[in-house]
Amino acid sequence: MNLPDKVDVVEVCPRDGFQIVKDFIRTEDKIEIIKKVIDAGVKYIEITSYVHPKWVPQMADAGDVVDEVKGYAKGKEAELIALVPNKFGALKAFEAGLDWVTYVVSASESHNMKNINRTIEQSFAELEEICREKTDTRIRLAIATAFGCPFGEEVPVERVIDMAKRGLELGAGKIVLADTIGIANPVQVRSIITKVSKKINIDMLGVHLHDTRGMGLANTYVAVTEGIRYFESAAGGLGGCPFAPGAAGNIATEDMLNMFHSMGVKTGVDMDGIFEAVSLIREKVNSPVVSHMAKVYNI
Ligand code: ZN
């Protein structure tokens, strides 16, 4: 069995989780939750997105969140990430001095069109422009719907491989394969990761798996045994994709930590610290906490 000593966890609740919460979460509450996550020892945290407030009103305070959290994270190990939908957002993130930006392109034409109103080609043209402007901020290319599309379009693994290659050639520092609608199964995850990692250095790959149909941890387990060491999850199991019909349910960070820790795989993240973040989320955010561990320990 190919289990590593350690994996990296990327906390995405403050972006992926919060973005679909209808009631505006106060900026100071967002910041407090993010600080808890930093204190828990999470190395990578996606803290916001520089998206137009007309599309995602919840992220209208991106600038304030970044300013405050950047100050707090100074001298700590945490690397801060913001999602950017376009060059405009990317330039803002570069200016703010974030460690990483996430740029999303969907492997399904129809989903890319619906999600960001562009063809895949147009998305890559913009990524090329973004990479040209790049400062010290590094780029994560997230390939959405890499395991299946909500509109029935077939997503060939060759396309995923091509997109990943192209991203790396343009200068991306990480490629994240996302199961945007939570449709992947363990056999498929094994097959896709095996094929992709034949062409792409596996150290450059990460996964963003969903638990929509209850297969999140099974898929995570397969991914780690296939050599993936970079896993995204959301504290409290908040979030999903607002543009993919029926999609809900990031894997809860506390559930993922529990699996890794109980198998002897370190994450560097303190479970009690994440519990503190989850209880703050329960208190401050009008969205149900969906996790096994929160139930077991009555968080
Ligand atoms: Zn997600």
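Just so we're on the same page, my numbering is the position in the sequence shown counted from 1, plus 2. Ideal Cβ positions, reconstructed from N, Cα and C, are used throughout, including at glycine. Note that the structure is predicted; figures quoted are calculated from it, not measured.
Annotation: leucine 207 to alanine 62 spans about 30 Å, alpha carbon to alpha carbon. Linking tyrosine 74 to glutamate 156 through their CA atoms gives a straight-line distance of about 44 Å.
Between asparagine 252 and histidine 212, the CB-CB gap stays under 7 Å.
If you compare the alpha carbons of Arg215, Met217, Asp181, Ile230 with that of lysine 200, the shortest gap goes to Ile230. With at least 16 other beta carbons inside 10 angstroms of its own, proline 152 counts as buried.
Distances from the CA of isoleucine 33 to each of Gln21, Phe26, Pro16, Lys45 were compared; the closest alpha carbon is that of Pro16. For isoleucine 47, the enclosing beta strand (DSSP E) covers residues 46 to 51.
Annotation for leucine 179: the continuous beta strand (DSSP E) segment containing it runs 176 to 180. Annotated as distal: serine 235 and methionine 265, with beta-carbon spacing of 7 Å or more. With a beta-carbon spacing of about 7 Å, leucine 100 and isoleucine 83 fall inside the 8 Å limit used to define contacts. Between valine 86 and alanine 80, the C-beta spacing is not below 7 Å. In chain order, Glu128, Glu131, Ile132, Glu135 place their CB closer than 8 Å to the CB of lysine 89, counting only its own chain and leaving out the 5 sequence neighbours on each side. Relative to the ligand ZN, the beta carbon of asparagine 221 is positioned no closer than 6 Å to any heavy atom. In this structure, asparagine 203 has its beta carbon at no less than 6 Å from each heavy atom of the ligand ZN. Annotated as proximal: alanine 109 and alanine 148, with beta-carbon spacing under 7 Å. By the 16-neighbour rule on beta-carbons within 10 angstroms, asparagine 221 is buried. Collapsing the DSSP output to three states places isoleucine 183 in coil.
Counting along the chain, glutamate 234 sits inside no alpha helix (DSSP H); it lies in the beta strand (DSSP E) bounded by residues 232 to 235. Asparagine 252 is bridged by DSSP to His212.
Short of 6 Å from the beta carbon of glycine 169, and not among the five residues preceding or following it, lie these beta carbons of its own chain, in chain order: Leu143, Ile177.
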